[in-house]
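Q: The structure follows.
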Amino acid sequence: MRLVLLGPPGAGKGTQAVKLANYLGVPHISTGDILRRNVTDHTDLGKKAKAYMDKGQLVPDELVIAMTERRLKEPDAKKGFILDGFPRTLGQAEALLKLTKLDAVISYFLEPEELIKRNTGRRVCPKDDTVYHILTNPPKKPGVCDKCGTPLVIRADDREDVVRKRVETYEKQTAPLIKYYRDRGLLREVYASGLIEEIFLRTIEALKA
Ligand code: AP5
């Protein structure tokens with residue numbers, strides 16, 4: 006299964022991608038996670054990407070397309086993938102079309118104020134990228150990753166002003182992809198409000214449609 010997950014920041018793409026990857030037995034490829042890893046490791050790509058990410062803007066297409074192309078050529082992606090956070094522009098969508106065929110595109114949607122609450126309450130594990138929420142998806146022990154015991158951190162772009170900018174960037178640059186994929190018969194729309202498990206079941210149903 007070759008899937009793309011679209012949706013505004015905080016809609017729950019990453020949370021659902023982990024569950025879908027387990028269910029379908031394919032890798033979860035998050036361009037946000039790969040970029041953050043590059044920022045932490047102070048790579049050339051990370052140094053270039055950081056300024057854009059901190060401002061809630063998109064990293065330039067040429068950098069992200071080359072990075073994703075490399076990842077999709079790794080052996081584990083031969084059997085399929087869940088692409089989370091790519092494509093985000095028409096240029097990226099066109100590049101992806103040349104690289105691989107897709108089976109479906111899930112587009113998650115949620116009310117803007119709900120997106121703000123989800124992002125500002127998020128905590129992440131800097132070691133294994135597991136995502137939590139202080140109210141709706143808390144770790145067993147406050148402030149610590151359930152899987153590896155690492156202290157959780159707040160993402161640099163989860164400040165409310167940056168979150169609002171990210172939502173605006175999504176509306177301007179990424180939302181046009183909804184029509185792009187609808188026109189190609191690939192789009193499945195899923196309402197992202199409710200329990201994590203409910204949304205997972207909605208996603209599976211949407212994939213059967
Ligand atoms: P990225 O990391 O992709 O961020 P995003 O798209 O803004 O998405 P988020 O990770 O914020 O949210 P999500 O939808 O995955 O939600 P999550 O599951 O975490 O990108 C970050 C930056 O990198 C971009 O701004 C850009 O600069 C750059 N970038 C990345 N890809 C790029 C590209 N292709 N081109 C250019 N630049 C790129 O859930 C959110 C919270 O809600 C969590 O706390 C979670 O626990 C909680 N939650 C999840 N589901 C539920 C639920 N059902 N009920 C209650 N709480 C829930």
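Mapped onto the working numbering, the consecutive letters of the sequence shown carry residue numbers 6 to 214. For every residue, glycine included, the Cβ atom is placed at its ideal position computed from N, Cα and C.
1. Helix, strand or coil for Pro-156? Go by DSSP, reduced to three states.
2. Would you mind sorting Val-158 into buried or exposed? The rule is 16 or more other CB atoms within 10 Å of its CB.
3. Does the separation of the CB atoms of Gly-17 and Tyr-113 fall below 8 Å?
4. Suppose you measure from the CA of Pro-181 to the CA of Val-168; what does that come to, to the nearest Å?
5. If I measure Cβ to Cβ from Tyr-175 and keep anything under 6 Å in the same chain, skipping five residues before and after, which residues do I get?
6. Quick check on Asn-27: buried or exposed, where buried means 16 or more other Cβ atoms within 10 Å of its Cβ?
7. For the alpha helix (DSSP H) containing Tyr-57, name the first residue and the last one.
8. For Val-149, list the residues DSSP reports as bridge partners.
9. Enumerate in chain order the residues of its own chain whose CB-to-CB distance from Lys-145 is below 6 Å, with the five nearest sequence positions on each side excluded.
10. Should Lys-55 and Val-44 be called a contact, given that it needs their Cβ atoms to be closer than 8 Å?
11. Quick one: Cα of Ala-211 to Cα of Tyr-186, how far?
12. Taking its Cβ as the centre, do 16 or more other Cβ atoms sit within 10 Å of Ala-161, making it buried, or is it exposed?
13. Taking Glu-173 as the reference, which of Leu-10, Gly-15, Arg-7, Leu-8 has the closest Cα?
14. My assumption, with CB atoms under 8 Å, is that Asp-59 sits in contact with Thr-94. Please give the rounded CB distance.
15. Is it the case that the segment 30 to 37 contacts the segment 79 to 99, given that we only count it when at least three CB pairs across the two stretches are under 8 Å?
16. Is the distance from the Cβ of Val-9 to the Cβ of Leu-107 below 8 Å?
17. Is DSSP giving Leu-25 helix, strand or coil here?
18. Within the same chain, show all residues whose beta-carbon is closer than 7 Å to that of Pro-117, passing over the 5 residues directly before and after it, in chain order.
19. Give the list of continuous beta strand (DSSP E) stretches no shorter than 3 residues that lie fully inside the segment 150 to 207.
20. For a test of your reading of the model: does the CB of Met-6 fall under 7 Å from any non-hydrogen atom of the ligand AP5? Yes or no.
A: Working from what's here:
1. strand
2. exposed
3. yes
4. 20 Å
5. Pro-13
6. exposed
7. 49 to 59
8. Pro-156
9. Asp-151
10. yes
11. 15 Å
12. exposed
13. Gly-15
14. Not really, about 19 Å apart at Cβ, beyond 8 Å.
15. yes
16. yes
17. helix
18. Val-172
19. 192 to 196
20. no
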